[in-house]
Amino acid sequence: MDVPLKWLASYVDWDFSVEELAHRLSMAGAEVEAIKRSGGDWDQVVVGRVAAVDPHPNADRLRLATVDFGAEEPLQVVCGAPNLEAGQTIAFAQVGAQLIDPSTRELRKLRRGKIRGVTSMGMVCSERELGLSDEHEGILVLETDAAPGTPLADVLADVVLDIKPTPNRPDHFSILGIAREVAALNGSVVTEPSMTYPEADTPITDRTDVTIEDPEGCPRYTAIVIDGVRIGPSPQWMQEVLVSAGMRPINNIVDVTNYVMLEWGQPLHAFDYEVLREHRIVVRRAQPAEQLELLDGSRLELQPEDLVIADAERAVALAGIMGGADSEISDSTTTVLLETANFQEATIRRSRSTHTESGTEASRRFEKSLNPELAELAARRAAALIIETAGGQALAGIADEYPGKKHAPQVIVTQHRIEQILSVLPSVEDVRGILSALGISNRWIPPDRFAVSCPPWRSDINVSDDVIEEIGRIIGYDSLPSAPLPGAVPDPEFDLERDLGEQLRDLLSGLGLREIITYVTVGQQEVEATSSSGEEEPDTVRLLNPMNAERDRMRPSLRPWALRSYAQNQREARGVLGLFEVGKTFAPSTARQPTEMRVLLALLGGETPPSVHGDSARQFDFFDAKGLLEQLGAGLGVTFDLSSGADDELLVKGRSARLSVNGHDIGVIGQVQPTTADAFDIDGDVFALELSISTLAPLLEDSDVIAAPSVYPAAVEDLALIVDDACPAGELEAAIMDNGLVETVELFDIYTGDQIPDGQKSIGFRVYYRSPDRTLTERDVEKARRGIVRRLQSQFQATLRDS
Amino acid sequence: MSLAEAGDETALDEWRVAWLGRRGRLTAVLRGVRDLPAEERPRVGAGANRLKSALEDAVAAHRAQLHASAEHAKSIDVSLPGRTPPLGSLHPVTLTRRHLERTFRDMGFDVVEGPDVELEEYNFDRLRIPAGHPARDMWDTIWVADDAGDNGGPRQLLRTHTSPMQIRYLERRQPPIRVIVPGTCYRYEATDATHEWMLTQIEGLVIDENLSFAHLKGTLEAFVRRMFGADIETRFRCDYFPFVEPGAELGVRWQGDWLEVLGCGMVHPEIIEDAGLDPDRYTGFAFGMGVERVAMLRYGVRDIRHFYRNDVRFLRQFEGRR
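Sequence order for the protein chains is A and B.
First residue of the first sequence: 1, per our numbering; consecutive thereafter.
First residue of the second sequence: 804, per our numbering; consecutive thereafter.
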């Protein structure tokens, strides 16, 4: 909302600088987004008086104007405007002024020129040349007492506050609404505009009739009929206000409706009464196949949900958005039907989004939900202004259909509540002063309360805390006291999944991986290409209006985006690239909401580069990934069991494993299928580790018990076994660990070749025996070893290599 | 062999044993002292001991010399690159979220989370934003394509803010309440340098007996001091959110300009009442802030879109931060 300060000053006084005013309004809730100047700088453009008009010797359509512009000698300029007359006060541009070129619309410096043989020493300006409006048929005629030579900026320019209203304050879309804020902030009083006008004897009901067929869409419709108007330009003061507020003057009737809309925040519309069939108004939804041509020339195919204003036969306006072309005020209009109505915001919003790109000044206001009580005030104000500027006489009364009238509740505000919420208690006089300046009627009910009612231009004063906000914001939030939070600290809730997610973030970033956070939406193809089940499409949560039509569903896994991020970063990452994400996945559910699961996905690959220290290059492989998993297990205090072959279509079967903890399936590890990697533009091998955090979290034992280290020495022995080549080392290791005296087993050697029979391998373990309560004797160790070897022989057909 | 000729540790040891060992020549002299006549013993004994200690010094000096020259021969170029174990990084949104969480935890707040896919009821209606309400325009919404919703069942959406957790938390807890809710939110909104359609919010809710706007101010001022430093200038301006009354926005002066940090306000009495609590007895405040916005301030990031591009050249710079 553009608020020109000159106009604002005609309703209210203030003692602040412009910057201070803007600051105070912003702090109180009417945010000033910018302080602008209306009009240009207009350097070298001054007020001039046309002293004489003479014909041009060489051109019929040009004339010579002698302009007094405050210099000792007047100047003669060539002028083509048909409305030029001697005695006019005009905007005179001297040579050197920056004006807007009427054809190119760009700024151009005015030079001395010769037009058809006559030297022109300046220019009488049109509105377009001054950047005021598009008007270029004639010159701008000023209505000012300013002496010739006064800079034009002093007469026409203004400071304009660009205010961004919040959705609860449609009154901030009006000059009076802002004036009331200023009055409250400054402790002054708003000068209310004149609302009275003479009425004819004939009652309006004799001449028109209003029917509301859709009371939900139209809670109130008022009409005033004014006879005998003379259409012409509106007075200059009104035109200047409209221009400074960013609107284009049209004629005295339309300008009044726009002026009152800016003044009160209530949109109005004027119909040519004679054009309305049967002179009646019907508010209804559009009929099938009904059409309407709007003021701006657009032709609408109306939809059944569109609310229209119709006469006896046809739609004449799209309610709350724009009037129709047929019934608009024309030069020959003599009787005006003035509409001031209230429309439901949702109805207006729907029609606006169907039929317009950005809405109109009217729809913008209706969409903020206006109070229907406002309509009558604005109607009376507009009627008074039409009669003042276009003459005519109003019929008696207002045709007022008001099916949506509601009883406005009185709001009781106690001093106790004010103090409870604000921690201060302003005096009765201060409270009443603030509310009265805001136009909120109020009454003191001794000993301790106020009765308050919501004014017609607002809808947001419904409970006592609404009133308390008014008091608090006008006092100023920064002036209110501040206090530390008292009271007990509540018991926390525990969220194992969240905690595990955080722990995994710490562990993985500590192990050299980079955390990524990716978007939650994915496309069907990438979901299929990365799903564990392969071809068939997994069930996903679809979106109605995704940001990107190609990613129209919530991710069932973190895979697609992680692979994409990996590919994008591969070129930049030198050496090993490790990325991980801890995030949510989504699956449809029969419950009220989808199932959200927390998942970890890590992707790793690349090459450790050779070093100057003689370390050779090495490809990242499965066992690097497994080592990472083991580190995670160590960090979490859990053992991940691997069963080879993940049975996951994303991963290579022979280079992957399914992960479980205590028999619960919790994820997979393995190499991503080269074809899939290739489809994501990934070069080389990439390995994935995927864990279900939601499944894992409850399996982690919250064991904070730490074993005391044994004070007795360990006995260390190496066991070299010969076993079948296919025998998994992990199972041998587990069998050795099973012995009660074994503390640790380390695999240190695997060998095939000379001295080892075909199809077998030699495998070496270093075994640490230790007891917590005594020093082991050689006999103890001997006995333990024999037990281990017996078991390995019977279970794995292992033989000791040395024997 | 003279001592000077001992070129390494082994040779030096041989020499030492030959002269000073248990069967060394000087040791023999010292042993022989007791066989000398009594009047000669002190002189010879003292002389031999002086000699022994001189030789021991010489051996030590020679050993040090040998070490020095050996080290010199094996000296390394310390300017060569080190073998660097990889240093990972947490995402800046995680880092900032955790910083905010730590700050609030220090002030006695619990941390809980809620669902990303919400019901319209929680995201809007029960926060006093019914369908058709002008305030719904503040949150452009991404809706779930849902058969149940089409058939008049509850409509699902991607939560536009973390505020629905106010309602959910009030369903299961009684005052005193002091909680923050971090979470991802979604807006149907064009992306530019300051707007992302996916964003991270932290919601706060405090309800107890007789809390006032003063406690809102005191708590959030303390938060801002802990987050941005003790000298930070703050201001509260009136703002509008349908679920608070009075409503406010907290700004801080950052490098000369006032920047909006969070929206806040006293919990609307109807929300307290809907939770089954007496609004005359229980009052409180709520607040919400964007994590990316704080991260942008903290790290001088000028374009919000960097956060979800996941470019390692960007992420790498967060190594070692917490």
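Even for Gly, the Cβ is constructed at its ideal location relative to N, Cα and C.
Here the structure is a predicted model, which is why all the values come from computation and not from measurement.
For residue i, I'd like the list of residues in its chain whose CB is within less than 6 Å of its CB, leaving aside the five on either flank, ordered along the chain.
{"i": "A/Arg-770", "result": "Ser-710, Ala-714 and Glu-743"}
{"i": "A/Pro-267", "result": "Met-261, Ala-362 and Arg-365"}
{"i": "B/Arg-929", "result": "Ile-970"}
{"i": "A/Leu-721", "result": "Ile-763 and Ala-798"}
{"i": "B/Thr-1086", "result": "Leu-1014"}
{"i": "A/Asn-442", "result": "Arg-432, Leu-435, Phe-450 and Val-452"}
{"i": "A/Lys-783", "result": "none"}
Would you check if the distance between the CB atom of residue i and the CB atom of residue j is smaller than 8 Å?
{"i": "B/Leu-1002", "j": "B/Cys-988", "result": "yes"}
{"i": "A/Ile-666", "j": "A/Ser-644", "result": "no"}
{"i": "A/Ile-471", "j": "A/Ile-412", "result": "no"}
{"i": "A/Gly-392", "j": "A/Asp-227", "result": "yes"}
{"i": "A/Ser-694", "j": "A/Met-597", "result": "yes"}
{"i": "B/Ala-996", "j": "B/Phe-1046", "result": "no"}
{"i": "B/Leu-922", "j": "A/Arg-592", "result": "yes"}
{"i": "B/Ala-1025", "j": "A/Pro-484", "result": "yes"}
{"i": "A/Glu-213", "j": "A/Val-282", "result": "yes"}
{"i": "A/Val-45", "j": "A/Ala-97", "result": "yes"}
{"i": "A/Ala-677", "j": "A/Val-686", "result": "yes"}
{"i": "A/Gly-534", "j": "A/Glu-649", "result": "yes"}
Give the DSSP-derived three-state secondary structure of residue i in the structure shown.
{"i": "A/Glu-497", "result": "helix"}
{"i": "B/Glu-812", "result": "helix"}
{"i": "A/Met-123", "result": "strand"}
{"i": "A/Leu-294", "result": "strand"}
{"i": "B/Arg-1119", "result": "helix"}
{"i": "A/Ile-175", "result": "helix"}
{"i": "A/Asn-548", "result": "strand"}
{"i": "A/Trp-14", "result": "coil"}
{"i": "B/Met-1092", "result": "strand"}
{"i": "A/Gly-476", "result": "coil"}
Tell me which same chain residues have a C-beta within less than 7 Å of the C-beta of residue i, skipping the five on either side of it?
{"i": "A/Ser-803", "result": "A caution first: A/Ser-803 carries a pLDDT of 49, below 50, which makes its placement in the model unreliable, though a value can still be read off. There are no such residues."}
{"i": "B/Arg-853", "result": "none"}
{"i": "B/Ala-821", "result": "Gly-827 and Arg-828"}
{"i": "B/Arg-1028", "result": "Ile-1035"}
Determine the chain A residues that contact residue i at a beta-carbon separation under 8 Å, and present them in chain order.
{"i": "B/His-865", "result": "Per Cβ cutoff of 8 Å: no residues; B/His-865 is ~34 Å from chain A at best."}
{"i": "B/Thr-1086", "result": "Gln-420 and Ile-421"}
{"i": "B/Tyr-1102", "result": "Those do not exist, as B/Tyr-1102 stays about 15 Å from chain A at its closest Cβ, beyond 8 Å."}
{"i": "B/Ile-945", "result": "Leu-543, Leu-544, Asn-545, Pro-546 and Met-547"}
{"i": "B/Asp-1114", "result": "Gln-568, Asn-569 and Glu-572"}
Short of 8 Å in beta carbon distance, which residues of its chain neighbour residue i, apart from the five on each side in sequence? Order them along the chain.
{"i": "A/Asp-718", "result": "Phe-748, Gly-764, Phe-765, Arg-766 and Val-767"}
{"i": "A/Val-189", "result": "Val-12, Ala-183 and Ala-437"}
{"i": "B/Met-1030", "result": "His-902, Leu-903, Thr-906 and Val-1097"}
{"i": "A/Ala-735", "result": "Ile-788, Arg-791, Leu-792, Gln-795 and Phe-796"}
Closer than 7 Å by beta-carbon distance: list the chain C residues that pair up with residue i, in chain order.
{"i": "A/Gln-593", "result": "Absent from the structure is chain C; the protein chains it does hold are A and B."}
Which bits of chain B does residue i rub up against, with CB to CB less than 8 Å?
{"i": "A/Lys-626", "result": "Chain B residues near A/Lys-626: none, gap ~17 Å exceeds 8 Å."}
{"i": "A/Met-121", "result": "None at all; the shortest Cβ gap to chain B is about 48 Å."}
By the criterion of Cβ-Cβ separation under 9 Å, what are the contact partners of residue i in chain A?
{"i": "B/Arg-886", "result": "Ser-611, His-613 and Asp-615"}
Whose Cβ in chain B lies nearer than 9 Å to the Cβ of residue i?
{"i": "A/Met-27", "result": "Arg-1038, Phe-1039, Arg-1040 and Cys-1041"}
{"i": "A/Tyr-519", "result": "Trp-1000, Met-1001 and Tyr-1111"}
Mind pulling the chain A residues with CB within less than 7 Å of residue i?
{"i": "B/Gly-935", "result": "Glu-345 and Ala-346"}
{"i": "B/Ser-1015", "result": "Gln-420, Ile-421, Leu-422 and Ser-423"}
Exercise for the section: Spell out a yes or no on whether the region 202-219 of chain A and the region 394-406 of chain A are touching, meaning 3 or more CB-CB pairs, one atom from each, closer than 8 Å. Expected result: Yes, the region 202-219 of chain A touches the region 394-406 of chain A.
Problem - At least 3 beta-carbon pairs within less than 8 Å: the region 830-845 of chain B vs the region 809-820 of chain B - result: No: fewer than three Cβ pairs fall under 8 Å.
Handout entry: Validate contact between the region 43-59 of chain A and the region 81-98 of chain A using beta carbons, cut 8 Å, 3 pairs
Key = The region 43-59 of chain A, when compared against the region 81-98 of chain A, does touch it at the 8 Å Cβ threshold.
Exercise for the section: Decide if the region 933-948 of chain B is in contact with the region 889-902 of chain B; the criterion is three or more beta carbon pairs, one per stretch, under 8 Å apart. Expected result: When Cβ pairs closer than 8 Å are counted between the two stretches, the region 933-948 of chain B is seen not to touch the region 889-902 of chain B, the count staying below three.
Handout entry: Given 8 Å, three or more beta-carbon pairs between the region 603-614 of chain A and the region 883-891 of chain B
Key = Yes: at least three Cβ pairs fall under 8 Å.
Exercise for the section: Evaluate the contact criterion for the region 906-920 of chain B versus the region 977-986 of chain B: three or more CB pairs, one atom per stretch, below 8 Å. Expected result: The region 906-920 of chain B is in contact with the region 977-986 of chain B.
Exercise for the section: Examine the Cβ distances between the region 567-583 of chain A and the region 473-491 of chain A and report whether three or more of them are shorter than 8 Å. Expected result: Contact fails: fewer than three Cβ-Cβ distances are below 8 Å.
Practice task
Pair every Cβ in the region 555-572 of chain A with every Cβ in the region 491-498 of chain A, then say whether three or more of these pairs are closer than 8 Å.
Solution key: These segments do not touch.
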